[in-house]
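For the sequence shown, UniProt numbering assigns the number 1 to the initial residue and increments by one for each residue that follows.
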Amino acid sequence: MNTTRGTLIAVVAAAIGLAGCSEHVEPPADPMPRSLLTTDAKAPEAAPLPSPDAITAVLYRIADPAVPSAQKIGLIQYGTAEDQAGLDNFTRALRDNGFNPMNVTATDLLWSAGQPGDIIATITISSVAAPDNKFTFPMEFSPIRDAWQLNRQTANLLLKLGQPGGPGASGAAPTPGR
Numbered sequence: 001m002n003t004t005r006g007t008l009i010a011v012v013a014a015a016i017g018l019a020g021c022s023e024h025v026e027p028p029a030d031p032m033p034r035s036l037l038t039t040d041a042k043a044p045e046a047a048p049l050p051s052p053d054a055i056t057a058v059l060y061r062i063a064d065p066a067v068p069s070a071q072k073i074g075l076i077q078y079g080t081a082e083d084q085a086g087l088d089n090f091t092r093a094l095r096d097n098g099f100n101p102m103n104v105t106a107t108d109l110l111w112s113a114g115q116p117g118d119i120i121a122t123i124t125i126s127s128v129a130a131p132d133n134k135f136t137f138p139m140e141f142s143p144i145r146d147a148w149q150l151n152r153q154t155a156n157l158l159l160k161l162g163q164p165g166g167p168g169a170s171g172a173a174p175t176p177g178r
């Protein structure tokens, strides 16, 4: 026991001696103020989805027979003058099938996984005169400045619905690519 006690005293004495021989070093100055190093920082929130009205407004304008097709081109992503015939056909097909006037609802809005910044919405178009006369179509919309426009892929599919013998002729609406 004396040997153990003696060894312990020697170790403690050596540690004290070494500590006394070493020079005192100040801790480095904190490179960033403590106020910038908060641990309760919140993660940025996702941008809010547009209102359903912002989306349905695009479709109401595309389908409006009083709006010339040349003025509708800007409602389609990468729209060109070549889209005018498709826009006219789509408007005519809606009218011929009893969708003028029509109601448009947008539900299930969510951010597109395939196209950052785009949103996908389930769109239902129904006839005012015959509410049971309706079709539902998933559509994708792209932001432009402070508004929205129909995504190019969705526009391509939708405008084919107005063509004679197009996808809508069978009664089943195609699903846009995502």
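All C-beta atoms, glycine included, are put in the ideal place defined by N, C-alpha and C.
If the five residues before and after Arg-61 are omitted, its C-beta is found closer than 8 Å to the C-beta atoms of Val-67, Lys-72 and Leu-75, all from its own chain and listed in chain order. Where Pro-52 is concerned, the enclosing alpha helix (DSSP H) starts and stops at 52-63. Taking a C-beta distance under 8 Å as the contact criterion, Ile-125 and Phe-141 do not qualify as a contact pair. The beta carbons of Pro-48 and Trp-148 sit about 13 Å from each other, so the pair does not count as a contact at 8 Å.
Under the three-state reduction of DSSP output, Leu-161 falls in the helix class. Taking 3 residues as the minimum length, the beta strand (DSSP E) runs contained wholly in the stretch 66-146 are 102-111, 119-127 and 134-144, in order along the chain. Of all alpha-carbon atoms in Gly-86, Pro-143, Leu-157 and Thr-56, the one lying nearest the alpha-carbon of Pro-116 is that of Pro-143.
Bridge pairing for Leu-49: absent [DSSP].
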